[in-house]
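Throughout, the numbering used here is defined as the position within the sequence shown, counted from one, plus 13.
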Amino acid sequence: MTIIDCVNDPQLFRPLFKSLDTWRTWFVVLKAIFALPMTEEDLVLFRHLTGRTKPPREQVQEGWFIKGRRAGGSFIVALIAVFLACFQNYKPHLALGERGIIMIIAADRKQSRVIMRYLSAMLQSVPMLAAMIVRQDAESIELDNSIVIEITTANYRTIRGYTVVAALCDEIAFWRSEESANPAEEILAALRPAMATIPGALLLGLSSPYKRSGPLYNAYKRHYGHGESPVLVIQAATRTMNPTVPQRVIDDAMERDPAAASAEYLAQFRSDVGSFLEVELIERAIEPGRRERPPQDRFRYVSFTDPSGGSHDSFTLAIAHAEGDRYVLDVCRAVKPPFDPSSVVKEYAALLKIYRLYEVTGDHYSGEWVRESFSKCGITYRHSELTKSELYLESLPLFSQGCIDLLDIRALTVELMQLERRTGRSGRDTVDHPPGAGSRDDLANSCCGALTLLAESERRTGYMVNFVTGKILTERELWKRSLLS
Ligand SMILES: Nc1ncnc2c1ncn2[C@@H]1O[C@H](COP(=O)(O)OP(=O)(O)OP(=O)(O)O)[C@@H](O)[C@H]1O
Ligand SMILES: [Mg+2]
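Dropping the structure here:
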């Protein structure tokens, strides 16, 4: 039985579709993936979707689908998972007692719940399939044929040791993790060996596109439109896949933000979003193994904080000092939510005083409570003159010149690596963390805030002190530095 037979069968999946007409393009995609016969009309659509002339002759083992939002991607992920789980026979490739995993990886918990609901509905709606369920919980469904469908998020770390018969990666361009700057690459690298013992194991990545890097973009660049490539790449706008999305919704989005809307609805990779800091610039600034630097009497410190009310974001604090021509980060701490903000303020105030600091600078938009709480602890809270984006942009030359000494804090490194630069419609750049759950920049914000404070104070005083010798730098030394920078 093919997946198209299942879709057309009134006893199986036919009732899941109100009208088969609106799903036509998806059926062409399914025919392409599973190398099923196509009509002349299908072929025209296939060529439009893939830039290839001939469809694959055998089941695809690796496919990438660049789609618009609301295109039906998550539903199709669930459909493919149920089809593979219930109608494919993996038994010959599994050892006695071994389980074959169909791994669905979503960008976050909310999306994984969406897929789980689709899966449950599909299985439960067909009594024959519902009867196959041995065990079901929030993240997995085990069937009586040694197949387990597992839904996880990109934070998942335990693919090792599993036998994966299919991996379906939903919204892969938006996978984020606090521990890794490239979770998608790392998870794919772990998945491939887990799939090696299953002939015909299927790796599918579906996503709306985002920036021009990462596995989705790399697959697109290497394989889109390449007739002979074993890797199938499909690109389709929202309404090509799901004509029930009104054109008006797309027109409105294009009007509001054309760069975002052409990615979200027309499935075009964004040309206005790029990485902010090169990985090498960050790596060369880190002193391996150094988590914090103790205070020293000969240095004058500055500090920057990114406060938070305690329910969503971390409350972070960075302390830094200038030393000769180096900008040195001494402390970069985060308290993760949930927490009581006033006790974090107390903790940070005590830490600041150890560095002989009685003022801290932070975000302009933070509530009055921040200023009051710090003031109660004897610390003056100053509003930063620069926006978060400006702080990042100001710190870029310091990274480029290699005059920063960072700390070896994994979460900070990941945040710095993930920062993105966007060119706005006005031509002005902004820098921020990428969209999506699990991506933040609280540590990066405090770190770059403190570093720019140092640079700013040097500019303001008009001369620089060599902090090692305690001497004011001569004009000639300053001139030499300006040549270097
Ligand atoms: N071709 C279609 N015909 C009719 N309805 C569709 C079609 N494609 C998707 N839908 C409906 O659109 C909604 C969104 O589907 P789904 O969640 O699968 O899309 P998605 O691409 O994952 O969206 P998102 O980008 O928001 O994650 C669902 O209600 C689904 O039934
Ligand atoms: Mg989805």
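We put the beta carbon where it would ideally sit given N, CA and C, even for glycine. Computed from a predicted model, the values in this text were never measured in an experiment.
Three-way DSSP call (helix, strand, coil) for Thr38 in this model = helix
ask   = Can you find a heavy atom of ligand 1 that lies under 7 Å from the Cβ of Lys80?
value = yes
ask   = Taking DSSP as the reference, what is the three-state secondary structure of Phe78?
value = strand
query = In terms of residues, what are the limits of the beta strand (DSSP E) holding Leu370?
reply = Neither: Leu370 is in no beta strand (DSSP E) and is coded neither H nor E.
ask   = For Glu268, which three-state DSSP category applies?
value = helix
key: Boundaries of the alpha helix (DSSP H) in which Met116 is found, first to last residue   = Premise fails: Met116 lies in the beta strand (DSSP E), Gly113 to Ala119, not in any alpha helix (DSSP H).
ask   = Should Glu268 go down as buried or exposed, given a rule of 16 or more other Cβ atoms within 10 Å for buried?
value = exposed
query = For Met145, which residues from the same chain have a beta carbon less than 6 Å from its beta carbon, with the 5 sequence-adjacent residues on both sides left out?
reply = Leu156 and Asp157
inquiry  = Beta-carbon within less than 6 Å of Val427's beta-carbon, same chain only, minus the 5 sequence neighbours each way: which residues are those?
reply    = Ala194
ask   = Straight-line CA distance for Met208 to Pro448?
value = 30 Å
message = In chain order, what are the residue ranges of uninterrupted beta strand (DSSP E) at least 3 long that sit wholly in the stretch 179-233?
response = 215-220
Under 8 Å between C-beta atoms of Asp445 and Arg304 = no
inquiry  = Suppose you measure from the CA of Arg311 to the CA of Arg346; what does that come to, to the nearest Å?
reply    = 23 Å
message = Out of Lys389, Ser125, His239 and Asp326, which one is the CA nearest neighbour of Val358?
response = Lys389
inquiry  = I'd like to confirm the pairing. Which residues does DSSP put opposite Gln149 in its beta bridges?
reply    = Ile154
key: DSSP bridge partner residues for Glu71 (one or two, in chain order)   = In DSSP, Glu71 forms no bridge with anything.
request  = Assign Val246 to one of three DSSP states: helix, strand, or coil.
outcome  = strand
task = Quick one: residues in its chain with C-beta nearer than 8 Å to the C-beta of Gly302, no 5 flanking neighbours on either side, listed in chain order?
result = Asp421
ask   = Measuring from the CB of Ala273, is there a heavy atom of ligand 1 at a distance below 7 Å?
value = no
inquiry  = Let me check understanding here. Comparing Cα to Cα, which of Thr465, Gly451 and Phe387 lies closest to Leu411?
reply    = Thr465
ask   = Does the stretch 62-82 come close enough to the stretch 206-223 that 3 or more CB-CB pairs lie under 8 Å?
value = yes
query = Any beta-carbon of chain C closer than 8 Å to the one on Glu433?
reply = Protein chains in the displayed structure number just one, and chain C is not present.
request  = Have a look at the DSSP bridge pairing and note the partners of Thr436.
outcome  = Asp442
task = Would you check if the distance between the CB atom of Val95 and the CB atom of Leu56 is smaller than 8 Å?
result = no
query = Which residues have their C-beta within less than 5 Å of a heavy atom of ligand 1, listed in chain order?
reply = Thr35, Trp36, Arg82, Arg83, Ala84, Gly85, Gly86, Ser87, Phe88, Asn255 and Thr257
query = So, is Thr482 buried or exposed, given that buried needs 16 or more other C-beta atoms within 10 angstroms?
reply = Any answer about Thr482 is weak, because its pLDDT of 49 lies below 50 and its placement is not dependable; what the coordinates show is given next. By the 10 Å Cβ count, Thr482 comes out exposed.
inquiry  = Using CA atoms only, rank isn't needed, just tell me which of Ser159, Lys67 and Met254 is closest to Ala98.
reply    = Ser159
request  = Taking only heavy atoms of ligand 2 into account, decide whether any of them is closer than 7 Å to the Cβ of Trp183.
outcome  = First, the amino acid is wrong: residue 183 is Asp here, not Trp. Yes, ligand 2 has a heavy atom inside 7 Å of this Cβ.
ask   = For Ile16, does the three-state DSSP call read helix, strand or coil?
value = helix
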